[in-house]
Structures are given as structure tokens and as C-alpha cells.
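These notes are about the structure you will find just below.
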Amino acid sequence: SSTAKPRHLLTIADLTPEELTTLVRNAAAHKHAVKGSSTVPSPLSTSLLNCTIAMPFTKRSTRTRVSTEGAVALMGGHPMFLGSGDIQLGVNESLRDTGVVISSMVSGIVARVNGHEVVEGLAEWSSVPVINALSDSFHPLQTVADYLTILEAFPSSKSKAGSLGVEGLKIAWVGDANNVLFDLAIASAKLGVNISVATPKGYEIPTAMRELILSASPTSNTSFLTETNVPEEAVKNADILVTDTWVSMGQEDEAKRRLAAFAGFQITSELAKRGGAKEGWKFMHCLPRHPEEVSDEVFYDESKSLVFPEAENRLWSAVSVLEGFVVNKGKIV
Ligand code: CP
Ligand code: NVA
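Under the UniProt record's numbering, the letters of the sequence shown match residues 29 to 361, in that order.
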């Protein structure tokens, strides 16, 4: 077709700091409007009226599926979940043909894939916006929800229009250098948040990814990112301790080796104490969670653990991203 190419969200690197800030703020505003007592029907409820959002997913999902389908429904549209056993993609038809055909019939595509090149290929051939719902490299919807969660947990007097007021906070990521970390680190670069990453030897951030993360800083500062193989070092002075599974989807064959390599990386209150995390530190995890990466004591401690609000915030981040990319065609205002 002769229309302009749609704008896609494949990674947080696709956003300016201002756009990321706006997506997080809009997510917060929609959360308050919908959960608040307003009886006036929100324009949100018709913003995707008569629109279909296709959801090709080649991996399992609880949060991303429920939040995306829920967001589309809240916006008056129709979510169409397409599991890998349901469609021809990857079995009987090329990415190009599937991308051209699906996008000719829907208003947006929210895709969960294995390799990042699959969501890039869909975006290349799609005539409608494609939103990455997790690839092996990135998880932008999670990052928007995570920064909404951080904004709520660390409300700041510095917070003014155009800023989240999170500058200077320190995140300690203790665990695997994976898709969730990469977009979180890119966002932290953009928002002026320090992030210290502890991984076992051999599981560090790959070089090309480190370069992408460092290049995301609008001030060309590189000191926001520090890396170590010692969990205690990462945790020092951290406001927020974060982890994720040690065995991501697609790495099941490596599970035994990984569980052995990550021994000693479990987040516990003893680790936070030994390492010298800040008084009042918080814990985050995108879920699904396994007991090896964080103790029950931390995970279920409501004074520390933000994991369930973080999960709920996936709904509001999906609303905000669909609004920005599908309703407003990539104009994030
Ligand atoms: N955090 C997250 O993306 O969870 P699901 O894999 O359940 O969607
Ligand atoms: N790193 C995990 C995140 C799941 C939401 C995975 O890719 O499986």
C-alpha cells in the first residue's frame, strides 16, 4: 500500500526519554481514571471500537496475554489470540506472508516470539503497528509496567511534567542477563536511573547488548551501568532489588547447568543486609517466579515486595502502549 510505514515498539530503545516518560505517565493516568470513582464513561472505552488486535504468541504467557486481552477489551476492541498451534506461522507459511496477511485485516499486532528477528520480520512486512510482547532480546511492555511500579513506590517531589522524578535511584539486578534486564537497563539509561548487574561468570551481558544499553543514555553517561560477578557488590546502596528466572523460555535444555552456575545468586534479606542495600529497599520480579531466584520471605513480604502491583501494572502499561502505538499511530502524547 502507499500509506506511510507504521511505527512499531520492538524495544524500549525505540522510544525517546520523553516518550517513555509519557507512556508511563499515561499508564498511571488510565489506572487512576478506570479504577477511580468517575461515573463518566472514559473515551478510553471506545478508543479501539471495532478494531481487532492480533496476538500471535509462540511461547506461554499468563500476564502478557491477560493484560493485552484485558486492555483491548477495556478499549472497546477485540483481541484475537493466535497460539502457535493455531496458525500457519513457522510451520507452513513464511513470516512475510503471515505478516502481510494478518496486518491487512487487523489494527495492530502484539506478538510473543522466540528470536527477536521474528518480531523484526513481522514489523518489516506488517502494514499496522507491531508491539513486541517478549522476544529473546527484549520485553518493552514489562519495562513500562516496571517504571509505573517504581513511580508508585518512589513518589518524588522532583517529579514534574516531562520527568518521572526517578533520577538517581539505584536498581540492583541479581541473576541472569536476559530480555527483561536489557529493556529495563535501556529505560534506566534514558531515565537517569543507576543499574548494577550481578551475574555469574559466563552469563554477563553480551557485548553488542552492552553497547546498545550504554548508547541509550541521552547524556552519553556510561557510569549508570555497573557490572560484577558478586551479588553483594551490586546490592550496595540499592533502592530496588530485581531478578527474573534463571532459565528463560527456550533455555530449558540448559536448566541443570544454569541452576548450578547461579547458586549463591538467590535474593534474600541476608544478601540485602550483607551487601548494604538501602533501608526500605524494595523487590521486583516480572514473574513467573521460581523459588531458587528469591526467597519466599522476600517475595511475599508486602512491605518490600512490589511483585503483585507490578503484575497488575502490566494491564495499564498495555493500555498506554496500545493507545500510543495503535490509536495514536506512534504519536506518544
Ligand atoms: N511477565 C510476563 O511477561 O509474564 P508472562 O510470561 O506470564 O506473560
Ligand atoms: N526471561 C523470561 C521472562 C518471562 C516473562 C523468559 O524469557 O522466559
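Glycine included, each C-beta is placed from N, C-alpha and C at the ideal position.
Going straight from the alpha carbon of SER297 to that of VAL326, what length do you get?
Rounded to whole angstroms, SER297 to VAL326 spans 6 Å at the Cα level.
Within the chosen definition, does the region 249-256 reach the region 268-275 through at least 3 CB pairs nearer than 8 Å?
No, the region 249-256 is not in contact with the region 268-275.
Counting Cβ pairs closer than 8 Å, one from the region 300-319 and one from the region 130-137, do we hit at least three?
With the cut-off at 8 Å, the region 300-319 and the region 130-137 do not touch.
Which of the three DSSP states, helix, strand or coil, is assigned to ASN54?
ASN54: helix per DSSP, three-state reduction.
For PHE210 and ILE233, what's the separation of their Cα atoms in angstroms?
Roughly 8 Å separates the two Cα atoms.
Would you say ILE40 and ILE159 are within 8 Å of each other, going by their C-beta atoms?
Contact flag unset, no.
Have a look at VAL221 and ALA283 and give me their C-alpha separation to the nearest angstrom.
Near 32 Å, if we compare the C-alpha coordinates of ALA283 and VAL221.
Can you list, in chain order, the residues of its chain with a C-beta nearer than 6 Å to that of PRO34? Leave out the 5 residues immediately preceding and following it.
Cβ within range, chain order: VAL156 and PRO157.
Do VAL194 and ILE178 come within 8 Å of each other at the CB atom, strictly closer than that value?
The answer is yes: Cβ separation under 8 Å.
So, with DSSP's three-state summary, where would you put SER29?
Confidence in SER29 is poor, its pLDDT being 49 and thus under 50, which makes the residue's placement unreliable; the coordinate value appears in the next sentence. Correct three-state label for SER29: coil.
Would VAL225 be called buried (16 or more neighbouring beta carbons within 10 Å of its own) or exposed?
Classification for VAL225: buried.
Roughly how many angstroms separate the alpha carbons of SER243 and ASP164, rounded to a whole number?
Roughly 20 Å between the two C-alpha positions.
Pick out the complete beta strand (DSSP E) segments inside the region 243-301, 3 residues or longer, and give them in chain order.
Runs found: 253-256 and 268-271.
Please work out which residues of its chain come closer than 8 Å, Cβ to Cβ, to PHE290, disregarding the five sequence neighbours upstream and downstream, and give them in chain order.
Answer for PHE290: GLY203, ASP204, PRO228, TYR231, TRP274, GLU320 and GLU321, listed in chain order.
Are the CB atoms of LEU123 and LEU150 within a distance shorter than 8 Å?
Against a cut-off of 8 Å, the Cβ pair of LEU123 and LEU150 comes out as a contact.
Between TYR175 and VAL361, how many whole angstroms is the CB-CB distance? I'm expecting something under 8 Å.
Rounded, the Cβ-Cβ distance is 18 Å, inconsistent with contact.
Just to confirm before moving on: does the CB-CB distance between LEU48 and LYS198 stay below 8 Å?
No. Outside cutoff.
MET83 and VAL172 look like a contact to me (Cβ under 8 Å); what is the Cβ gap, rounded to whole Å?
Not confirmed; about 17 Å, so no contact.
Anyone know if the C-beta pair for ARG342 and THR126 falls short of 8 Å?
The answer is no: Cβ separation not under 8 Å.
Which residues bound the beta strand (DSSP E) around THR177?
Here THR177 belongs to no beta strand (DSSP E); instead the alpha helix (DSSP H) covers 168-181.
For the ligand CP, is there any heavy atom lying closer than 7 Å to the beta carbon of THR92?
Correct: THR92 has its Cβ closer than 7 Å to the ligand CP.
Identify the residues that DSSP records as bridge partners of LEU117: which are they?
Paired residues: GLU121.
Flag this pair as yes or no: are the beta carbons of LEU76 and VAL354 separated by less than 8 Å?
In this structure, VAL354 lies closer than 8 Å to LEU76 by Cβ.
MET277: beta carbon under 7 Å from a heavy atom of the ligand NVA?
Flag set: Cβ of MET277 near the ligand NVA.
Which residues does DSSP list as the beta-bridge partners of LEU110?
PRO84, per the DSSP bridge assignment.
State yes or no: is the C-beta of LEU315 within less than 8 Å of the C-beta of PRO259?
No. Outside cutoff.
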